[in-house]
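So the sequence lines, in the order shown, correspond to chains A and B.
Everything in the first sequence is counted per our numbering, starting at 206 for the first residue and increasing by one.
Everything in the second sequence is counted per our numbering, starting at 206 for the first residue and increasing by one.
For glycine and all other residues, C-beta sits at the position ideal for the given N, C-alpha and C.
For clarity, every value in this text was computed on a predicted model and none was experimentally measured.
Protein chains: 2
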Amino acid sequence: MKRSDRLVSLMNYFLENPKEHTSLPSFSDKYKAAKSSISEDLSIVDRIMQEEGIGYLQTLSGVSGGVSFIPDFSRENSNQFIDELCHTLQDSSRILPGGYLYMSDILGDPKMVNQIGRVLASAFSHLEIDVVVTVATKGIPLAYATASVLNVPVVIVRRDPKVTEGSSVSINYVSGSSRKIQTMVLPKRSLRDGANVCIIDDFMKAGGTINGMTSLLGEFNAKVQAIGVLAEADDEEDEREVDSFTSLVKIKNVNMKQKTIEVRHGNFV
Amino acid sequence: MKRSDRLVSLMNYFLENPKEHTSLPSFSDKYKAAKSSISEDLSIVDRIMQEEGIGYLQTLSGVSGGVSFIPDFSRENSNQFIDELCHTLQDSSRILPGGYLYMSDILGDPKMVNQIGRVLASAFSHLEIDVVVTVATKGIPLAYATASVLNVPVVIVRRDPKVTEGSSVSINYVSGSSRKIQTMVLPKRSLRDGANVCIIDDFMKAGGTINGMTSLLGEFNAKVQAIGVLAEADDEEDEREVDSFTSLVKIKNVNMKQKTIEVRHGNFV
């Protein structure tokens, strides 16, 4: 196979298999090329990945030597994306009763969702994460987009148990903003004991839902390494029950009467 | 930019932007290269895409000339993937009360989910589809994976209305297998009138849920162009309420007593 052909094939392979370790000899075998040629290929791929701001190739030498693609959305790409997101969200027709914001169109756009996942995953790529956890339903696409980049599975906490998931662990918790008692359920066999977890959700107000998830995860001795949300509501900051989290955007000053809204960068940067 | 660099960058661009039309001059500008060089690049990319069985580049000549990446998972890749899927599912420890099958681990694996999406999208890539519709919760990741390849948005039908989605249309329907009356809700502004729709779900027994969705979609004058499911239950075939659909696998002969199960290729091939 010629270099040009190998480069196209390699790029496809790396993008399909983020954070997966592959040995150099296996590339040599696949492409019937010398290791030195493969090394040159990899340095070209690595350079372009960095120039495009999508990540880099990490090389490990030694017996277990090889290479893996570490997705790492550049600061520039991330900032530009969050700028656009703020602009899109700052549209007064999005204001819904109760100070909520209509975001279903954004959460329904796979390309948008994949970009959000890339930004969140880049923020957490240096952490040890075994699994991404979210709660049904709105956070699900974001959780998959993030997990896809981190190359880990997704576990979904539900509000109601399902017959198709076997026995479950459930907790009751008090929702932060409405002060109502709610239930959360996680199937027993969905999460191993002591896993390193990253929580992903679409929206955080006072943080009651995420606190509930943390309690439920405690029953599995999980270690919450990171919390990432698309948007946080600024006005609930004082009563917030969650300390450390990453948000892409912050919703400020939702004025139902005047139909105005302010959307700023979150604490991501 | 050199050819080798361009090839890596182009491959990244196409994989990120499936089914998106891009003009040749815009590539010439971006890479500061002659149109003839770009044409040669594209033919290399196209050839390798076809060799790897992931799709091809579609070229349109004329004033609106340009190129788009059409993802098209090869029959060979699809069959091999479905083989593995059957093998994984045919594990007796997956049998749950009621003849259900534990599939949360598969549906929780982003790589698996993306592959399923690729296979389903390939089956529907020749159809005109404006939006992928699914019902909460298990079908959601499959819907996004499919929509991502088809480059269309996802709309999620819910069992309960949400304050964050504005006014909604709801219907009641009779579930096929349990004969219970259930509700389905779709926010008014989530789907435009007369859209071409592809329904995606994880599991189909008698087909009541999908029938319910079809009725609800009727309220939006939507045209259901395709129905795709990961798995169908074979034993419900006689009473099935849905005629035309695509399934990747077929669950046969679930024997709760002897703890045996048979999983075969669905009607995909």
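Selected residue, minimal CA-CA separation from residue i, among the options
{"i": "A:Glu-245", "options": "B:Ser-209, B:Ile-249 and B:Ser-231", "result": "B:Ser-209"}
{"i": "B:Ser-418", "options": "B:Ser-449, B:Phe-329, B:Leu-332 and B:Ile-404", "result": "According to the sequence shown, residue 418 of chain B is Met rather than Ser. Of B:Ser-449, B:Phe-329, B:Leu-332 and B:Ile-404, the residue nearest in Cα terms is B:Ile-404."}
{"i": "A:Pro-276", "options": "A:Asp-296, A:Ile-253 and A:Glu-446", "result": "A:Ile-253"}
{"i": "B:Asp-365", "options": "A:Phe-329, A:Asn-416, A:Gln-430 and A:Thr-342", "result": "A:Thr-342"}
{"i": "B:Leu-229", "options": "B:Glu-221, B:Pro-223, B:Gly-270 and B:Asn-222", "result": "B:Gly-270"}
{"i": "A:Gly-399", "options": "A:Asn-319, A:Leu-332, A:Val-429 and A:Ser-297", "result": "A:Val-429"}
{"i": "A:Ser-330", "options": "A:Asn-460, A:Leu-312, A:Val-454 and A:Thr-351", "result": "A:Thr-351"}
{"i": "A:Lys-462", "options": "A:Ile-287, A:Ser-298, A:Ser-273 and A:Arg-280", "result": "A:Ser-298"}
{"i": "A:Gln-295", "options": "A:Val-474, A:Phe-473 and A:Arg-469", "result": "A:Arg-469"}
{"i": "A:Asp-335", "options": "A:Asp-288, A:Val-354, A:Val-318 and A:Ile-321", "result": "A:Val-354"}
{"i": "A:Leu-421", "options": "A:Lys-235, A:Gln-255, A:Asn-356 and A:Val-360", "result": "A:Val-360"}
{"i": "A:Gly-313", "options": "B:Leu-262, B:Val-337, B:Val-454 and B:Gly-313", "result": "B:Val-337"}
CB contact below 7 Å: residue i versus chain A
{"i": "B:Glu-289", "result": "no"}
{"i": "B:Gly-267", "result": "no"}
{"i": "B:Asp-314", "result": "yes"}
{"i": "B:Glu-370", "result": "yes"}
{"i": "B:Pro-223", "result": "no"}
{"i": "B:Leu-220", "result": "yes"}
{"i": "B:Leu-301", "result": "yes"}
Residue i versus residue j - alpha carbon distance
{"i": "B:Ile-300", "j": "B:Val-324", "result": "25 Å"}
{"i": "A:Asp-406", "j": "A:Glu-437", "result": "10 Å"}
{"i": "A:Phe-219", "j": "B:Val-250", "result": "16 Å"}
{"i": "A:Pro-315", "j": "A:Leu-290", "result": "14 Å"}
{"i": "A:Ile-432", "j": "A:Asn-416", "result": "11 Å"}
{"i": "B:Val-268", "j": "B:Ser-231", "result": "13 Å"}
{"i": "B:Ser-233", "j": "B:Ser-266", "result": "16 Å"}
{"i": "B:Tyr-349", "j": "A:Ala-348", "result": "12 Å"}
{"i": "A:Arg-394", "j": "A:Gly-371", "result": "8 Å"}
{"i": "B:Ser-373", "j": "B:Thr-339", "result": "16 Å"}
{"i": "A:Lys-237", "j": "B:Glu-221", "result": "28 Å"}
{"i": "A:Asp-440", "j": "A:Tyr-307", "result": "17 Å"}
{"i": "A:Phe-408", "j": "A:Val-434", "result": "6 Å"}
{"i": "B:His-226", "j": "B:Val-459", "result": "46 Å"}
{"i": "B:Val-213", "j": "B:Thr-264", "result": "19 Å"}
{"i": "A:Arg-384", "j": "B:Met-389", "result": "27 Å"}
{"i": "A:Ser-380", "j": "B:Asp-448", "result": "44 Å"}
{"i": "A:Gln-255", "j": "A:Asn-401", "result": "28 Å"}
Residue-level contact to chain B via CB, residue i, 7 Å cutoff
{"i": "A:Glu-424", "result": "no"}
{"i": "A:Ser-214", "result": "yes"}
{"i": "A:Ala-341", "result": "yes"}
{"i": "A:Asp-210", "result": "yes"}
{"i": "A:Pro-366", "result": "no"}
{"i": "A:Tyr-349", "result": "yes"}
{"i": "A:Pro-276", "result": "no"}
{"i": "A:Ala-352", "result": "yes"}
{"i": "A:Val-359", "result": "yes"}
{"i": "A:Ser-373", "result": "no"}
{"i": "A:Ser-248", "result": "no"}
{"i": "A:Ile-345", "result": "yes"}
{"i": "A:Val-395", "result": "According to the sequence shown, residue 395 of chain A is Ser rather than Val. Yes - at least one Cβ of chain B is within 7 Å of the one on A:Ser-395."}
{"i": "A:Ile-415", "result": "no"}
Secondary structure of residue i, DSSP reduced to three states
{"i": "B:Glu-437", "result": "strand"}
{"i": "A:Pro-392", "result": "strand"}
{"i": "B:Asn-416", "result": "helix"}
{"i": "B:Met-216", "result": "helix"}
{"i": "B:Glu-221", "result": "helix"}
{"i": "A:Ser-449", "result": "coil"}
{"i": "B:Lys-367", "result": "coil"}
{"i": "B:Phe-408", "result": "strand"}
{"i": "B:Glu-467", "result": "strand"}
{"i": "A:Ser-241", "result": "helix"}
{"i": "A:Ser-375", "result": "strand"}
{"i": "B:Lys-235", "result": "helix"}
Residue i: CB within 6 Å of a non-hydrogen atom of the ligand FMN
{"i": "A:Ser-330", "result": "As far as ligands go, the structure on display features none, and thus does not contain the ligand FMN."}
Write down every uninterrupted run of the beta strand (DSSP E) in the segment 245-285 of chain B whose length is 3 residues or greater and which is fully enclosed by it, in chain order.
The DSSP assignment places complete beta strand (DSSP E) segments of no fewer than 3 residues inside the segment 245-285 of chain B at 260-265 and 271-276, in order along the chain.
If we require 4 or more residues per run, which alpha helix (DSSP H) segments fall completely within the segment 287-362 of chain A?
Counting whole runs of 4 or more residues, the segment 287-362 of chain A contains the alpha helix (DSSP H) stretches 309-312, 315-329 and 345-355.
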